[in-house]
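In what follows, a structure is listed as structure tokens, so that the remarks can point back to it.
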Amino acid sequence: MSENRNLILAIILSLLIVVGYQFLYAMPKMQQEQEARDRAAIALLQQKPTGTTTAAPAAVGTGVAPLATAATAVSSATGMAAVAPTVRPILTRDKALAQSQRIKIDSPRIQGSISLTGGRLDDVTLPTYRQTVEANSPPVTLLSPRDSPEAYYTDTGWTSLDTKIELPNGETVWSSNGQVLKPGQDVELTWQNKTGQRFIRKFSIDANYMVTVTDLVENRGSAAITLYPYNLAVHSNIPPTTDFFILHEGFVGVADDKLVEHNYGDLKPEVPAIEQESRGGWTGLTDKYFLLALIPDQASRVKTGFRSSQVNDRQGYQIDWLGEGKLIAAGGSVSSTSRIFAGAKEVKTLETYQKTLGVQRFDYAVDWGWFFFLTRPYFVVLDWLVKLVGNFGVAILVMTVIIKGLFYPLANRAYIMQNKMKKLTPKIMEIREKYKEDKVKLNQEMMGIYKKEKVNPVSGCLPILIQIPIFFALYKVLFVTIEMRHAPFFGWIQDLSAADPTNVFTLFGLLPWTPPDWLPLWVQSSLHLGLWPIIMGVTMYVQQKMNPQPPDPIQAKIFAWMPIVITFMLSGFPAGLVIYWAWNNLLSVAQQWYIGRRMET
């Protein structure tokens, strides 16, 4: 019996540590960081023009001797390296967009534009995703121009060891053969230098989130030249993150078919860049739901990099890849094709690109975690169920019933043992009182009762052990998959991935009252106690009362307070998870009641 109680306590304490971290540390820290970012953005808009430096990839060691031996020359002589500061004011996003002529992007999943100055993709919004669940909420903005407060943009092109070759850079103004880029309608940009090279950049887009960029160089000069293709993306500020340990946000990519992940904090003054060589693969910046990924030709050898970057004196981050040199004879031409993924991390969409374009492990952009063997199948079944029933909340309920059915024999035996233990509780209490001074005799007598009644006290832990991995798998799926984002249930639950919006202290919305600002953040969070967490707490209390009570008074008090503690802690968790737990508790109560009635007859 003591082993049983200790195991249960260990599981509960582990759960409390995880939940408590999110409730008392991660959530307050997220809010504090968001407030700091808001203050910084306001300060940037009010400050005077500042200088600009743009970091970019160093040279790649690709096996090409000239490149491998002249890395410093490449990084210092090209537009990819840090450049001398220039005065660039921080503008509003609209004013930054208006600085240059633009090609409109008109695609079902991407809206935005391409700047003719620099020929870069720097304006992307996602019309199918809103910032909040409100009907009038603006669409999610992913990319923004260089001089905007939240600059986030891409750059593609060529670099060279020969400083005499005039290459297009961020200030180059390109000519265009069209005004609108959309699926089935490409746009071609052209620019020619004074040394005899003509550059052609063709953009194409599909119906989802993939932009294909083909850079062609025609060498009309009198001598052969060698150029190196590259692609980079810069985020001018420290990107916002949820800062929760179960989710990776930051640098992500695949090199030689292996996942590479680094946090923003991994880049320090002593480690300003992290590089890796690969054949194909991809490199990206990811947040919870959205991804910007740079994808080179999957047959090419490249060096990818994660770097710290500065734009207009703002600390930011950069991703890039640099390819092998391409020799272009006089009168000849050469091209390089790369792709830019700018959109939502939809599982099916990523898998489709992985299969059709051969992008290595592109589905790894979704952070399935160490327990992917649970989270991924859980998502697949949930995704199938939602297509069947039309609602993610209902799918979660159905999934819970299916899991209960699969584990019914195991749980059934455990509940039978629990009922037997409940009946033995008076005898156990009597033995504990009788032999409380003789621990050896006490253990002998208790083991004798267990053997006589054919009871295994440890087997009562099985329902909890079964529920814990399923709980975390569902939590992970709800937390990381965009398919769950803004998925409604019924009534007031309009987003299963967010906390229950109701509040018992406002009579569930009837009173226009919010906790005062002077209260500590964790106190304000604890006052947010929605209706579904209360339902979950009640079901947990009922289930607990049906289980045998611990003989130890201290443990009994801990168990008695557990429903209240977990109710408050789960109040800030995704509503879908709380609904699952409440429904699972109800099914467990029904199952235990049925088994108890059957054992009495």
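Under my numbering, the final residue of the sequence shown carries the number 607; numbering is consecutive throughout. Quick reminder that beta carbons are idealized off the backbone N, C-alpha and C, glycines included.
Other residues of its chain near residue i: CB distance less than 6 angstroms, five sequence neighbours each side excluded
i	result
Asn183	Glu194
Gln28	Note that Gln28 scores a pLDDT of 46, beneath 50, so its modelled location is shaky; the value from the coordinates is reported in the next line. For Gln28, where only same-chain residues beyond five positions count, there are no Cβ hits under 6 angstroms.
Thr147	Thr131
Ser166	Leu233
Asp161	Arg126 and Leu238
Pro133	Gln117 and Pro145
Leu448	Tyr441
Thr196	Ser181 and Ile206
Cβ neighbour criterion (16 or more within 10 Å) applied to residue i
i	result
Tyr600	exposed
Trp180	buried
Tyr158	buried
Pro383	exposed
Phe377	exposed
Leu412	exposed
Asn214	buried
Glu41	Unreliable placement is indicated for Glu41, whose pLDDT of 45 sits below 50; no coordinate value is reported for it.
Leu391	buried
Met452	buried
Ser503	buried
Leu593	buried
Asp168	exposed
Arg603	exposed
Tyr414	exposed
Ala305	exposed
Gln185	exposed
Ser315	buried
Gly454	exposed
Ser341	exposed
Ile570	exposed
Gly543	buried
Leu576	buried
Nearest-angstrom beta carbon gap, residue j and residue i [assumed within contact, 8 angstroms]
i	j	result
Trp164	Leu233	4 angstroms
Ser154	Ala102	4 angstroms
Gly582	Leu484	5 angstroms
Asn269	Thr406	At roughly 34 angstroms, the Cβ-Cβ gap does not stay under 8 angstroms, so Asn269 and Thr406 are not in contact.
Gly290	Leu300	7 angstroms
Val219	Arg207	7 angstroms
Tyr421	Gln598	5 angstroms
Lys351	Phe296	7 angstroms
Trp288	Gly329	Between Gly329 and Trp288 the Cβ distance is about 13 angstroms, and since that is not below 8 angstroms, they are no contact.
Gly349	Arg152	21 angstroms between Cβ atoms; not a contact.
Ile231	Ile171	6 angstroms
Ala505	Pro580	7 angstroms
Val372	Thr487	7 angstroms
Gly338	Asn243	Not a contact, Cβ separation roughly 42 angstroms.
Arg615	Ala279	Only positions 7 to 607 of the chain appear in this structure, which leaves residue 615 out of reach.
Boundaries of the alpha helix (DSSP H) in which residue i is found, first to last residue
i	result
Gly543	Leu537 to Met552
Lys428	Tyr414 to Lys440
Ile455	Lys445 to Glu459
Pro145	It is not in any alpha helix (DSSP H) - Pro145 instead sits in the beta strand (DSSP E) that spans Pro145 to Leu149.
Sequence-distant residues of its chain with Cβ nearer than 7 angstroms to residue i (five each side left out)
i	result
Asp263	Gln366 and Arg367
Ile476	Ile409
Met216	Arg345, Phe347 and Tyr359
Pro189	Ser113, Ile211, Asp212 and Ala213
Asp389	Glu489
Pro548	Residue 548 is actually Val in this sequence, not Pro. The residues are Val595.
Ala71	Its pLDDT being 31, under 50, Ala71 is placed unreliably by the model, and the measurement read from it follows with that caveat. Excluding residues within five positions, none has a Cβ falling inside 7 angstroms.
His684	The requested residue 684 does not occur in the structure, where the chain is confined to residues 7 to 607.
Lys200	Glu172
Phe209	Ile120, Leu187, Asp192, Val193, Val217 and Val219
Extent of the continuous beta strand (DSSP E) run through residue i
i	result
Thr138	Taken as a continuous stretch (DSSP letters only), Thr138 belongs to no beta strand (DSSP E), as it is neither H nor E.
Gly349	Ser339 to Ala350
Phe257	Gly256 to Ala261
Val266	Lys264 to His268
Phe296	Phe296 to Ile301
Arg611	Limits of the chain in this structure are 7 at one end and 607 at the other, which puts residue 611 out of reach.
Gly118	Gln117 to Ser121
Lys110	Arg108 to Asp112
Arg285	Ala279 to Arg285
Asp161	Tyr158 to Thr165
Thr292	Trp288 to Thr292
Beta-carbon contacts of residue i that lie in its chain and below 8 angstroms, excluding the five residues immediately before and after
i	result
Arg108	Ser119, Ile120, Ser121, Leu122 and Asp129
heavy atom of the ligand SAH below 7 angstroms from residue i C-beta
i	result
Leu328	Ligands displayed in this structure: none; no statement on the ligand SAH is therefore possible.
Below-8 angstroms beta-carbon distance, residue i vs any chain D residue
i	result
Ile109	The structure shown has no chain D; it contains just one protein chain.
Which runs of the beta strand (DSSP E) at least 3 residues long sit entirely within the segment 168-248? Give them in chain order.
193-198, 203-211, 216-225 and 231-241
Uninterrupted beta strand (DSSP E) stretches inside the segment 323-406 (no shorter than 3 residues)
332-334 and 339-350
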